[in-house]
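In full-length UniProt numbering, the protein residues as written are 1 to 233.
As structure tokens, this is what we get:
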């Protein structure tokens with residue numbers, strides 16, 4: 001065995017000894033972190049629900065009116081324009097007025113997310129809110145206002161609602177499991193670090209191995225007292 005391997009073996013033994021010696025410190029931090037994280041996530045953080053509706057960015061065609069390649073090209077080129085219209089202050093304000101809610105356009109727009117579904121001509125309008133029913137109502141209202149606003153803005157009536165938003169059954173936030181896992185890992189790291197710091201400043205010797213580790217000349221060894229040794233006196 002090389003000197004490097006021996007040194008690594010010794011270091012691993014020291015680490016194991018320190019962790020075993022300070023096991024309460026190492027374990028109490030992740031335990032407290034997990035409990036606190038679970039309590040905060042379960043009882044203090046407000047749940048956030050996400051409701052989504054999807055829209056197709058071209059109108060339906062019949063057998064007498066087939067899809068024109070030029071129409072598809074125009075639709076794809078206008079995707080970014082559609083997204084900006086859906087995010088616009090005009091759409092937010094009209095949705096607020098229709099719903100009669102006390103939010104500013106900026107506050108309302110922060111709840112709304114508009115995204116393109118892959119390379120398709122479909123966009124998704126999502127709304128986040130603490131109430132699942134309100135999230136669905138707001139998402140559907142934004143979709144309706146957006147659909148009505150497109151012909152006025154770019155003179156194209158080519159937006160159709162595919163799926164209307166429904167109230168979500170479970171929140172997307174907080175992620176209790178993930179929060180607990182991350183807190184446990186951070187607590188374990190902090191507990192281990194504190195154990196090594198505490199051991200570094202602790203000058204007491206708790207075992208004969210620590211005495212040998214000082215590499216000093218040993219004058220004598222006091223044997224461990226047992227009941228048998230006292231009984232022989």
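Each residue gets a CB set at the ideal place from its N, CA and C atoms; glycine is no exception. Being a predicted model, the structure only gives us computed values, none of them experimental.
Take the alpha-carbon of residue 53 and the one of residue 165: they are about 5 angstroms apart.
Contact between residue 50 and residue 124 fails: their C-beta atoms lie close to 11 angstroms from each other, not under 8 angstroms.
Counting only residues of its own chain and dropping the five nearest sequence neighbours on each side, residue 30 has a CB closer than 7 angstroms to the CB of 184, 187, 188, 191. Burial state of residue 132 is buried, judged by a 10 Å Cβ sphere holding 16 or more other Cβ atoms.
Closest in C-alpha terms to residue 93, from the list 107, 167, 83, comes 107.
Contact annotation, residue 128 with residue 48: C-beta distance approximately 5 angstroms; criterion of less than 8 angstroms satisfied. The DSSP assignment places complete alpha helix (DSSP H) segments of no fewer than 4 residues inside the region 2 to 58 at 3 to 21, 23 to 39, in order along the chain. Close CB contacts of residue 153 within its chain, under the 7 angstroms cut and outside five residues either way in sequence, are with 85 (chain order).
Distance from residue 198 to residue 25 at the Cβ level is roughly 7 angstroms; contact confirmed, criterion being Cβ atoms closer than 8 angstroms.
Taking residue 83 as the centre and dropping the five residues before and after it, the same chain places the C-beta of 114 closer than 6 angstroms to its C-beta, in chain order. Excluding residues up to 5 positions away in sequence, 25 lie with their Cβ nearer than 6 angstroms to the Cβ of residue 194 in the same chain. Burial check for residue 96: the Cβ neighbour count within 10 Å reaches 16 or more, so the residue is buried. Per the C-alpha coordinates, the member of 17, 38, 11, 28 positioned closest to residue 181 is 38. Nearest Cα to residue 150 within the set 23, 91, 109: 91. Around residue 87, the same chain offers 109, 112, 114 as residues with beta carbons nearer than 8 angstroms, after the five sequence neighbours per side are excluded. Following the DSSP letters along the chain, one finds residue 112 inside the beta strand (DSSP E) bounded by residues 112 to 116. Membership of residue 93 in the alpha helix (DSSP H) is indicated by the continuous run 89 to 99.
In the three-state reduction of the DSSP assignment, residue 199 falls in the helix class. CA-CA distance, residue 101 to residue 146, rounds to 18 angstroms.
Leaving aside the five residues that flank residue 22 on each side, the residues in its chain whose CB is nearer than 7 angstroms to its CB run, in chain order, 195, 198, 199.
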